[in-house]
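Report on the structure given below.
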Amino acid sequence: MVQATARHLLVSTQEQCEELKLQIADGADFAQLAKAHSSCPSGAQGGELGSFGPGMMVKEFDEVVFSAPLNQVQGPVKTQFGYHLLEVTSRD
């Protein structure tokens with residue numbers, strides 16, 4: 001089965017998510033922004049989610065993680081939890 005590793009940050013508004021994406025594009029560190037802004041418990045680890053397979057995350061998340069290019073920030077991705085920025089760090 002395909003496995004991926006990814007990191008993400010979760011915020012409550014699309015506007016905040018887009019602003020953080022711009023900061024990353026301008027050179028801000030994804031992990032530091034996740035620690036400072038993410039409402040997900042994974043934020044404490046810089047947004048690291050570890051390894052997981054298809055179907056282990058919500059549908060909208062899975063669709064991005066198992067199709068997006070590696071090491072490129074994706075989002076905002078809206079789920080029932082809020083707005084995510086995602087970065088797939090490996091997939092095999």
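Quick note: the sequence shown, position 34, residue 34 per this note's numbering, numbers continuous. Note that the Cβ used here is the ideal one computed from N, Cα and C, for glycine as well. Small disclaimer: the values here were computed from a predicted structure and weren't measured.
What does a CB cutoff of less than 7 Å around residue i pick up in its chain, not counting 5 residues either side in sequence?
i: T79; result: V58, E60, F61
i: G47; result: R7, H8, L9, F30, A31, A34, S38
i: T13; result: Y83
How would you write the range of the beta strand (DSSP E) that residue i sits in, first residue to last?
i: Q16; result: Q16 -> not in any beta strand (DSSP E); alpha helix (DSSP H) instead, spanning 14-25.
i: V73; result: 73-79
i: V11; result: 4-11
i: G43; result: Element bounds for G43: n/a, residue is neither H nor E.
i: L85; result: 82-91
Can you tell me the Cβ-Cβ gap for residue i and residue j, rounded? I've got them flagged as a contact below 8 Å.
i: G82; j: S39; result: 7 Å
i: L33; j: L9; result: 6 Å
i: H37; j: L20; result: 6 Å
Since residue i is in the alpha helix (DSSP H), which residue starts that stretch and which ends it?
i: F30; result: 30-37
i: V64; result: 59-65
Taking the Cβ atom as the reference point for each residue, do residue i and residue j lie within a distance shorter than 8 Å?
i: E87; j: V73; result: yes
i: R91; j: L49; result: no
i: P69; j: V2; result: no
Tell me which same chain residues have a C-beta within less than 8 Å of the C-beta of residue i, skipping the five on either side of it?
i: E18; result: P76
i: S67; result: none
Apart from the five residues just before and just after residue i, which ones in its own chain have a Cβ nearer than 6 Å to its Cβ?
i: N71; result: none
i: V65; result: A4, A6, V88
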